[in-house]
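Working notes, beginning with the structure itself.
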Ligand code: HEC
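Residue numbers (the numbering used here): 841 to 970.
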């Protein structure tokens with residue numbers, strides 16, 4: 841026979857469920873709203889993940905050091921987010937997803953999380969490069 845729960849227990853259980861539901865809802869909303877997505881993309885682990893993606897997929901072409909703006913070859917991504925010609929994270933994500941000839945598209949190779957991580961990494965580099 842199942843033990844009957846006292847009213848106090850029921851209340852605790854109900855409050856617990858309500859609390860979990862609201863936490864889940866906040867996380868859900870945070871994940872899908874743009875501001876929170878870029879907030880999520882700036883965690884150290886995202887940046888580290890992005891640096892690994894960059895090292896394996898992008899460095900063959902975009903191999904310039906921070907601060908190197910020599911005007912040939914693929915653009916220096918460390919400075920792509922600064923100055924007059926700065927691009928936004930969204931523009932970068934579109935270019936990475938769809939490609940921009942001769943750069944190949946990465947939309948089928950990398951996940952959305954990979955792409956936002958590599959952008960977070962590049963933006964973090966841009967901030968530290970002078
Ligand atoms: C085959 C060489 C190649 C590879 C690999 C490559 N790129 Fe590119 N990328 C280019 C070239 C060339 C351009 C300039 C395209 C243009 O403007 O015509 C470019 C442009 C860009 C831009 C736009 C920069 C700006 O200032 O407009 C971004 C952002 C970018 N690449 C990110 C990446 C990322 C991230 C990766 C790795 C996932 C990557 N690229 C891999 C060659 C490459």
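Glycine included, every Cβ here is placed at the ideal spot set by N, Cα and C.
Range of the contiguous alpha helix (DSSP H) that encloses residue i
i	result
residue 893	884-893
residue 935	929-938
Alpha carbon of residue i to alpha carbon of residue j, nearest angstrom
i	j	result
residue 874	residue 885	Its pLDDT being 45, under 50, residue 874 is placed unreliably by the model, and the measurement read from it follows with that caveat. Distance between the alpha carbons of residue 874 and residue 885 is about 19 Å.
residue 936	residue 955	7 Å
residue 914	residue 964	19 Å
residue 951	residue 853	38 Å
residue 943	residue 851	59 Å
residue 916	residue 899	11 Å
residue 893	residue 845	52 Å
residue 953	residue 930	13 Å
residue 967	residue 887	13 Å
residue 901	residue 932	16 Å
residue 939	residue 903	17 Å
residue 855	residue 847	12 Å
residue 962	residue 941	20 Å
residue 876	residue 934	Residue confidence for residue 876 is low, a pLDDT of 46 falling below 50, so the modelled location carries little weight; the figure read from the coordinates is stated next. One C-alpha to the other measures close to 19 Å.
Classification of residue i by the beta-carbon crowding that lies within 10 angstroms, buried from 16 upward
i	result
residue 958	buried
residue 890	buried
residue 920	buried
Integer Cβ distance of residue i from residue j, believed to fall under 8 Å
i	j	result
residue 882	residue 960	5 Å
beta-carbon residue i near the ligand COA non-hydrogen atom, thresh 8 Å
i	result
residue 847	The ligand COA is not part of the structure shown, which contains the ligand HEC as its ligands.
Exercise. Taking three-plus beta-carbon pairs below 8 Å as touching, is the stretch 915-929 in contact with the stretch 940-948?
Worked result: As far as the Cβ criterion goes, the stretch 915-929 does not touch the stretch 940-948, which means the pair count is below three.
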